[in-house]
Amino acid sequence: MSQAPTPSLVAAAALRIASYNIRKCVGLDWRRRPARVMEVIDALGADVIALQEADRRLGPRRAALPHDMVARAGWHALPGHAAGGVSLGFHGNAILLRPEAEIEELAPLHLPALEPRGALVADIRLRGRGLRIVGVHLGLRRRDRRRQIMAIAADLALRDPRPTIIMGDFNSWGGAEDFAALGPGFAVHAPGHSFHAARPLAPLDRIVTGPGVTLTAHGVHRDGPAPRASDHLPIWADIAV
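Laid out in structure tokens, this is it:
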């Protein structure tokens with residue numbers, strides 16, 4: 002599937018999730034345009050979105066997508082315990098929720114790597130259903146990615162079981178073997194080639210579902226400004242829990 006169906010056509014019982022590496026809101030024209038990125042986000046029609054590279058890289062890591070813009074668009078951002086509250090995420094990872102979602106627990110997770118990496122683990126309740134959302138941005142080296150997957154698996158093993166979705170930029174050009182540490186109960190889904198946005202050749206962005214979560218549809222969003230708003234295209238999926 003190449004594009005997300007209109008939100009009104011999504012079954013009422015389904016939840017839509019999405020993931021998007023926004024590259025600090027810098028598009029292929031090398032201009033930082035947060036409003037353009039927000040236009041892409043709104044077009045996804047999602048209930049939950051994991052963002053990567055949501056903060057600037059240097060200094061105090063200020064939010065690339067301004068807090069007030071996120072709030073005006075009707076989203077609640079889950080921050081990663083950012084110092085001073087200037088960041089949107091934790092190591093650039095942020096999770097956006099619709100206001101009706103209840104946040105039960107939020108935990109930042111440091112991941113082993115040469116360069117700083119992290120994940121956000123959020124337990125939420127949406128439309129009466131409990132979900133665990135893990136937003137990730139893994140390393141460029143395969144051995145680092147495998148160590149990071151092992152760290153995520155170890156963290157999840159210590160938590161109470163609930164339907165779990167891990168999504169983000171996995172930076173993986175390989176297959177399911179990179180995700181083996183998660184165990185047989187997890188399924189890896191590549192909605193399509195999401196990188197590079199100008200000429201998508203690789204499914205770097207993935208969605209991993211645990212027991213109790215079923216994907217009913219998925220795809221890569223290529224409409225509107227998406228092909229020029231970032232170097233990644235956003236991915237989406239409709240799920241049943």
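FYI, my numbering numbers position 32 of the sequence shown as 33, with every residue one higher than the one before it.
For glycine and all other residues, C-beta sits at the position ideal for the given N, C-alpha and C.
Given residue i, which residues of its chain have a CB within under 8 Å of its CB, disregarding the five upstream and five downstream residues?
i	result
ASP179	ARG143, ARG146, ARG147, ILE150, PHE171, SER173
SER3	Confidence in SER3 is poor, its pLDDT being 44 and thus under 50, which makes the residue's placement unreliable; the coordinate value appears in the next sentence. GLY193, GLY220, VAL221, ARG223, listed in sequence order.
PRO35	CYS26, ALA65, LEU66, PRO67, MET70
LEU127	LEU16, ASP48, VAL49, LEU98, ARG99, GLU101, ALA102, GLU103
GLY175	ARG143
LEU154	Correcting the residue identity first, residue 154 is Ala in this sequence and not Leu. Cβ neighbours of ALA154 beyond the five flanking positions: ALA182, LEU183, GLY184.
ASP43	ALA74
With distance defined between alpha-carbon atoms, name the residue in the options nearest to residue i.
i	options	result
ILE166	LEU79, ALA114, LEU121, PRO204	LEU121
PRO162	PRO204, GLY131, LEU205	GLY131
ALA102	ALA154, ASP48, ALA181, ASN94	ASP48
HIS222	ALA181, ALA199, LEU157	ALA199
LEU16	LEU159, LEU98, PRO117	LEU98
HIS138	THR210, ARG73, LEU52	LEU52
ARG58	ALA152, ILE240, ARG24, GLY175	ARG24
ALA114	ILE96, ALA95, GLY140, GLY129	GLY140
PRO201	ALA181, ALA177, ALA227	ALA227
ASN22	GLY225, LEU159, HIS190, ILE96	ILE96
GLY225	ALA72, LEU79, LEU45, ARG160	LEU45
Give me, in chain order, the residues of the same chain whose beta-carbon lies closer than 6 Å to that of residue i; leave out the 5 immediate sequence neighbours on both sides.
i	result
PHE91	GLY81, PRO109, GLY119, LEU121
ALA238	ILE18, ILE208, LEU216, HIS219
PHE196	ALA203, LEU205, HIS233
ALA230	GLY28, ARG37, VAL38, VAL41
PRO192	HIS219, GLY220, VAL221, ILE236
ALA188	THR210
HIS77	LEU98, PRO100
ASP156	LEU110
ASP124	GLU105, GLU106, ARG133
GLU116	none
ASP164	The identity of residue 164 in the sequence shown is Pro, whereas the question assumes Asp. Excluding residues within five positions, the ones whose Cβ falls inside 6 Å are LEU132, GLY213, VAL214, VAL242.
Which partner residues of residue i appear in the DSSP bridge assignment?
i	result
TRP174	Paired residue(s): none; TRP174 is not in a bridge.
TRP237	ALA19, GLY220
PRO100	According to DSSP, which records beta bridges pairwise, PRO100 is partnered with nothing at all.
ASP268	In the structure as shown, the chain starts at 2 and stops at 242, and residue 268 therefore has no counterpart that could be examined.
ILE134	ALA123, ILE166
Excluding sequence positions up to five away, which residues of its chain have a Cβ less than 7 Å from the Cβ of residue i?
i	result
HIS111	GLY119
ILE212	Going by the sequence as given, residue 212 is Pro instead of Ile. For PRO212, where only same-chain residues beyond five positions count, the Cβ hits under 7 Å are GLY186.
Mind reading off the beta-carbon distance from residue i to residue j? Whole number of angstroms is fine, and I expect it under 8 Å.
i	j	result
GLY184	GLY136	Actually they do not touch by this definition, with Cβ atoms about 20 Å apart.
SER88	ILE50	At roughly 17 Å, the Cβ-Cβ gap does not stay under 8 Å, so SER88 and ILE50 are not in contact.
GLY93	ALA55	5 Å
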